[in-house]
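Student:
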Amino acid sequence: MDEEKLALAIQGEIAQATGEDVTVSVRDGIAELMGRFGSLQKAVDAGHTAAGLEQVRQVVNDIDYPGKVPVVLPPKISDELTGKEFDVVIVGGGVIGLAVARELSRFDLRIALIERHHDLGMDQTAHCNAMIHPALLTERGTLKWEMNYKGNAMWDEVAGQLDVDFKRIGTLVVAENSDEELFLPGVVDLARSQNDPEPKVLDREGLDRIEPGLAPNVRKGVLVWNTGIIGVFELVIAYAENAWTNGVQFYLNTSVIGVQVEDGSIRAVDTTRGTLKTRILVNAAGLYADKIAELAGDRFFSLHPRKGETIIFDKAYRPVNTVLATFSMVGERSAYSKGGGIIPTVDGNLQFGPTAEEVYDREDVATTAVARETLFSRFAPSLERVKPHYTKPDRGAIITQFAGCRAATYKEDFIIEPSKKVKGLVHVVGIQSPGLAAAPAIAERAKEIIVENWHPADNVKFESRRKRSKHFSELDQKERMELIRSNPLYGHIVCRCEHVSEGEIVKALHGDIAAQSIDAIKRRTRAGSGRCQGGFCMPRVLEIISRESNIGKQLVTKNGGKSFILNGKVKRVRE
-7 MDEEKLALAI QGEIAQATGE DVTVSVRDGI AELMGRFGSL QKAVDAGHTA AGLEQVRQVV
53 NDIDYPGKVP VVLPPKISDE LTGKEFDVVI VGGGVIGLAV ARELSRFDLR IALIERHHDL
113 GMDQTAHCNA MIHPALLTER GTLKWEMNYK GNAMWDEVAG QLDVDFKRIG TLVVAENSDE
173 ELFLPGVVDL ARSQNDPEPK VLDREGLDRI EPGLAPNVRK GVLVWNTGII GVFELVIAYA
233 ENAWTNGVQF YLNTSVIGVQ VEDGSIRAVD TTRGTLKTRI LVNAAGLYAD KIAELAGDRF
293 FSLHPRKGET IIFDKAYRPV NTVLATFSMV GERSAYSKGG GIIPTVDGNL QFGPTAEEVY
353 DREDVATTAV ARETLFSRFA PSLERVKPHY TKPDRGAIIT QFAGCRAATY KEDFIIEPSK
413 KVKGLVHVVG IQSPGLAAAP AIAERAKEII VENWHPADNV KFESRRKRSK HFSELDQKER
473 MELIRSNPLY GHIVCRCEHV SEGEIVKALH GDIAAQSIDA IKRRTRAGSG RCQGGFCMPR
533 VLEIISRESN IGKQLVTKNG GKSFILNGKV KRVRE
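Count the sequence shown with the working numbering and you get residues -7 to 567, in order.
And the structure:
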């Protein structure tokens, strides 16, 4: 089918699916959609409809609709970075950009990573459920699937090198009756077909060893053992510290506002803090990757933000050892989501989620009472049913709720490739769940692209290992006393819930990738992550940040930007 006929076919399919009029053009397999629709959902449906045609490579969706939020570039604030030159500039400081930076630091390259926020990993990475997914529910044949099964297998080595807490706890799929038991061999066959390792078929004795306390009617199950969980905040810092050790330069609070292309090649990146010269630009900008592509003159895809909300329970409530799944839960998956689940964390909390909702704003991380109740109502009955002898799920045990947006293309697949139009531009975009599981493989693929095209020499001083400092709460009594003798600040417990000391907070404020806000301290030390969610320790953390950073308390933020904790001074009352 030629592209003119393909455009007409897409137009007809969209009209039938949405009842709206749309203008469609196709060039080099890229379908561009224009028009004015009545709702966000219809515009998203149009994008998916176009992407559903095999001949369409990607979709650029410029359909307007009520409530659409435009992308507005921030103003330039300085020229302090102008004149700096690098071989590679990576845009985006999430786990993907950081993993790519670490892989590229294996070579003799001058590398810079720029991140628009005041800290690393604050968008998709900070708002994910920290699960290393098996490839079980990823569509076979997609790049997402390939990166998922390859990346999952790499985590034991990567986590070991970076000294990050990583556990393979497995996904346990249980049958609640004899009819469901008939479907268990299908789970095994599916895992095999997806290149996951051989799952373990368990009888009741095996189930009791893995997940004690299951209901008497649960007699069989399948353990997809390669499912993992990881300390994602620690992972972000670990990747950054290792990349820093190997020479990568980091520029936070720095946004891209332009890309200079000459004779079809990357020459420089214009930022809010000046212009960086470079010959290679890695677009790992997450939710804004389509805007970076547009600035570079290679806009061939659009992103649509899909929000997911998750609820977290107190550590005292630990009903499961595995990611627990029932067939009823699996059956509730949506077309573009794995459906969430009952998932433990490496820190000992239980989480329900995430949801999946198309939203207007890429920065929509608002949580809602509706999502909270939806998650509880969906997963609590299953948990109560399959583990009836354990404490029932209780809304009162929920200590926090968070949300984040995924950067989905309309093909719902990853894009990891050099630009077909601009030499030196490498896209690592459209990375949504299971992006965390796939991260090591994604970084390796990006590295292979750059090696194949530019042939850099090896970095003979590359250091693959990073050693973490143990949290004070992890030390035995002898280790604690020795640490306190060396620095008395470790004897001051600031966060009672998580047993975080003042020494740890001060160290985080002066690290290579230093914390600059209360939430940045939380991500590095867990101060404020416990049951009271900072109700007790936040004022003290604020004081420490003010003292160590030599700034007024009114300038301390919760999470960067204008999220100031204090609004002004109050008069001190004499006692």
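Using N, Cα and C, we set each Cβ at its ideal position, and we do this for glycine too.
Keep in mind it's a predicted model, so treat the numbers as computed, not measured.
1. Per DSSP, C487 is paired with what?
2. In three-state terms, what does DSSP make of L287?
3. Mind checking which residues open and close the alpha helix (DSSP H) that includes S320?
4. What are the boundary residues of the alpha helix (DSSP H) that H40 is part of?
5. For a test of the three-state rule: what should DSSP assign to F292, helix, strand or coil?
6. Using beta-carbon positions only, say whether L204 and T163 come within less than 8 Å of one another.
7. Let's test the definition: count the other Cβ atoms within 10 Å of the Cβ of H109 and tell me whether it reaches 16, buried, or not, exposed.
8. Do N551 and I335 have their CB atoms nearer than 8 Å?
9. Ordered along the chain, which non-local residues of its own chain (more than five positions away) have a Cβ less than 7 Å from that of E172?
10. Can you tell me which of the three DSSP states Q546 falls into?
11. Select from K413, M530 and E409 the residue whose C-alpha is nearest the C-alpha of V421.
12. Can you check which of these residues, L101, K453 and V180, is closest to Q241 by C-alpha distance?
13. Please name the residue in L481, R377 and L112 whose C-alpha comes closest to that of D504.
14. Looking at E444 and E95, is the spacing between their C-beta atoms short of 8 Å?
15. Please state if the CB of Q116 and the CB of A399 are separated by a distance shorter than 8 Å.
16. So, helix, strand or coil for P58, using DSSP?
17. For the stretch 248 to 257 against the stretch 228 to 237, are there 3 or more C-beta pairs whose distance is under 8 Å?
18. Looking at the structure shown, is A507 part of a helix, part of a strand, or coil, going by DSSP?
19. Measuring straight from C-alpha to C-alpha, what distance separates G340 and R354?
20. Is the stretch 266 to 278 close to the stretch 68 to 88, with three or more CB pairs under 8 Å?
21. Which class does I258 belong to by DSSP, given the choice of helix, strand or coil?
22. Mapping DSSP to helix, strand and coil, what is S541?
23. Once the 5 residues before and after H381 are set aside, which same chain residues still bring their CB inside 6 Å of it?
24. Check V51 in the structure and name its three-state DSSP category.
25. Return the chain-ordered list of same chain residues with a C-beta closer than 7 Å to the C-beta of C524, the five sequence neighbours on each side being excluded.
26. Helix, strand or coil for N451, going by three-state DSSP, please let me know.
27. Which runs of the beta strand (DSSP E) at least 3 residues long sit entirely within the stretch 96 to 130? Give them in chain order.
28. Could you tell me which residues DSSP pairs with S17 in its beta bridges?
29. From I536 to A519, what does the alpha carbon distance come to, in whole angstroms?
30. Determine the extent of the beta strand (DSSP E) in which R398 is found, giving its start and end residues.
31. DSSP puts H419 in a beta bridge; with which residues?
32. Compare the Cα-Cα distances from L558 to each of K212, V492, M530 and L375 and report the closest residue.
33. Can you check DSSP and say which residues form a bridge with Q241?
34. Relative to the C-alpha of K299, which candidate in I258, E349 and F305 has its C-alpha closest?
35. What residues in its chain sit with their C-beta under 6 Å from that of G39, if we drop five residues either side in the sequence?
36. Under three-state DSSP, which class holds V351?
Tutor: Straight from the coordinates:
1. V492
2. helix
3. F319 to V322
4. L32 to A43
5. coil
6. A small correction: the amino acid at residue 204 is Pro; Leu does not occupy that position in the sequence shown. The answer is no: Cβ separation not under 8 Å.
7. buried
8. no
9. F319
10. helix
11. E409
12. L101
13. L112
14. no
15. yes
16. coil
17. no
18. coil
19. 30 Å
20. yes
21. strand
22. helix
23. G205
24. strand
25. C489
26. coil
27. 103 to 106
28. E24
29. 12 Å
30. I390 to T401
31. N275 and E409
32. M530
33. A104
34. E349
35. V51, N53 and Y402
36. coil
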